[in-house]
Amino acid sequence: MQSYTFSHAITRRPAASIIAGLRAVDTGTPDLALMQAHHADYIAALISTGAEVVELGALEAFPDSVFVEDTALCLPKGAVVMRPGAPSRLGEAAEMAPHLETLYGHVLRIEGADSFIEGGDILTTETEILVGRSARTNAAGVAELARLVADWGYTVREVFTPPGVLHFKTDCSLLDAETILSTKRLADSGCFDGYKVIHVADGEEACANSIRFNDLVIMPAGFAKTRRILEQAGYNVREIGNSECAKLDGGMSCLSLRFTPAR
Ligand code: GLY
Numbered sequence: 487m488q489s490y491t492f493s494h495a496i497t498r499r500p501a502a503s504i505i506a507g508l509r510a511v512d513t514g515t516p517d518l519a520l521m522q523a524h525h526a527d528y529i530a531a532l533i534s535t536g537a538e539v540v541e542l543g544a545l546e547a548f549p550d551s552v553f554v555e556d557t558a559l560c561l562p563k564g565a566v567v568m569r570p571g572a573p574s575r576l577g578e579a580a581e582m583a584p585h586l587e588t589l590y591g592h593v594l595r596i597e598g599a600d601s602f603i604e605g606g607d608i609l610t611t612e613t614e615i616l617v618g619r620s621a622r623t624n625a626a627g628v629a630e631l632a633r634l635v636a637d638w639g640y641t642v643r644e645v646f647t648p649p650g651v652l653h654f655k656t657d658c659s660l661l662d663a664e665t666i667l668s669t670k671r672l673a674d675s676g677c678f679d680g681y682k683v684i685h686v687a688d689g690e691e692a693c694a695n696s697i698r699f700n701d702l703v704i705m706p707a708g709f710a711k712t713r714r715i716l717e718q719a720g721y722n723v724r725e726i727g728n729s730e731c732a733k734l735d736g737g738m739s740c741l742s743l744r745f746t747p748a749r
């Protein structure tokens with residue numbers, strides 16, 4: 487299943503400048519050492535599934551650069567370099583492009599001056615690519631992505647990130663070809679009609695950003711009710727500490743690009 491089985495992931499080490507990372511609400515300064523420990527656990531979990539993980543060095547000029555997912559969309563047939571809507575993050579995409587060129591041989595780019603789109607707003611399923619418009623992703627960005635990936639046979643469906651939520655995938659994750667983990671507030675929009683939806687437990691909305699990566703569902707630590715729901719549904723769950731990234735509205739999907747490059 488190409489939407490959740492991957493041969494590769496790319497991560498980037500957190501920079502000391504992470505303390506200046508973007509956040510909706512200031513809940514405290516991230517502890518770099520603890521974030522580094524969580525990051526190492528995350529990479530170990532990815533590797534444990536048999537994937538090759540490319541670990542890029544920290545980029546001090548870009549405080550949020552540990553959240554590599556926002557810089558690109560990686561598909562089996564090619565990669566598209568994004569145009570992040572946060573001005574302080576725009577340069578992160580150019581930093582990622584050469585690494586994707588090495589792995590894919592060639593990449594496409596979102597280039598329109600009015601187009602903005604971040605990977606955190608993109609959920610790729612087995613049959614389509616859902617892109618949530620948000621404060622970071624606009625209609626021009628969605629339309630440009632749709633044009634680029636149409637040649638590879640992918641269909642883009644524009645959806646909407648709930649108001650006040652950073653990214654579409656802040657509130658949902660792919661669990662398998664038919665199943666989405668979602669907050670009720672997002673699923674109630676109807677955007678997952680036709681899929682099987684598993685709701686996160688009430689009060690545990692912060693774990694909706696999990697990832698299916700090969701045989702694992704990797705979720706942030708500390709959400710026991712949702713973990714139980716997932717295990718009862720048959721998923722192999724691994725918890726990773728996320729307290730420091732959570733201070734910057736970051737989660738499990740934000741920390742990697744996951745893909746199988748066709749060359
Ligand atoms: N701190 C993650 C972001 O706002 O992009």
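Per the working numbering, the very first residue in the sequence shown carries number 487; after that it's consecutive. Here a beta-carbon is modelled for each residue, glycine too, at the ideal position from N, C-alpha and C. Because the structure is a prediction, the values reported are computed rather than measured.
Can you grab the Cα-Cα spacing for the pair residue i / residue j, in whole Å?
| i | j | result |
| --- | --- | --- |
| residue 673 | residue 729 | 25 Å |
| residue 735 | residue 743 | 17 Å |
| residue 551 | residue 725 | 22 Å |
| residue 664 | residue 642 | 17 Å |
| residue 578 | residue 702 | 28 Å |
| residue 536 | residue 609 | 23 Å |
| residue 650 | residue 560 | 26 Å |
| residue 727 | residue 585 | 27 Å |
| residue 545 | residue 512 | 22 Å |
| residue 623 | residue 732 | 21 Å |
| residue 515 | residue 528 | 21 Å |
| residue 613 | residue 678 | 12 Å |
| residue 681 | residue 671 | 16 Å |
Nearest CA to the CA of residue i: which residue from the options?
| i | options | result |
| --- | --- | --- |
| residue 596 | 724, 641, 645, 556 | 556 |
| residue 562 | 615, 541, 540 | 615 |
| residue 708 | 701, 723, 532, 579 | 723 |
| residue 750 | 532, 710, 507, 505 | Any question about residue 750 goes unanswered here, given that the chain covers just 487 to 749. |
| residue 580 | 654, 526, 547, 636 | 547 |
| residue 737 | 554, 540, 515, 543 | 554 |
| residue 498 | 506, 516, 526, 514 | 526 |
| residue 599 | 607, 612, 576 | 576 |
| residue 450 | 508, 710, 611 | Examination of residue 450 is not possible in this model, given that the chain is present from 487 through 749 alone. |
| residue 538 | 582, 506, 492 | 492 |
| residue 676 | 704, 647, 689 | 647 |
| residue 710 | 508, 679, 740, 690 | 690 |
| residue 704 | 524, 506, 589 | 524 |
| residue 540 | 502, 506, 582, 720 | 582 |
Would the beta-carbon of residue i fall within 8 Å of that of residue j?
| i | j | result |
| --- | --- | --- |
| residue 534 | residue 569 | no |
| residue 593 | residue 618 | no |
| residue 644 | residue 628 | yes |
| residue 706 | residue 692 | yes |
| residue 746 | residue 494 | yes |
| residue 510 | residue 652 | yes |
| residue 549 | residue 496 | no |
| residue 571 | residue 621 | yes |
| residue 521 | residue 500 | yes |
| residue 566 | residue 635 | yes |
| residue 715 | residue 666 | no |
| residue 631 | residue 574 | no |
Please confirm whether any heavy atom of ligand 2 lies closer than 7 Å to the CB of residue i.
| i | result |
| --- | --- |
| residue 652 | Summarising the ligand content, the structure contains ligand 1 and does not contain ligand 2. |
Just grab the DSSP bridge partners of residue i for me.
| i | result |
| --- | --- |
| residue 525 | DSSP, once it has assigned bridges, lists no residue as partnering residue 525. |
| residue 669 | Paired residues: none, contrary to the question. |
| residue 610 | 615 |
| residue 542 | 498 |
| residue 646 | 619 |
| residue 564 | 561 |
Counting only C-beta atoms, is residue i closer than 8 Å to chain D at any point?
| i | result |
| --- | --- |
| residue 667 | No chain D appears in the structure shown, which is made up of a single protein chain. |
With a cut-off of 8 Å, do at least 3 Cβ pairs link the segment 656-667 to the segment 694-714? yes
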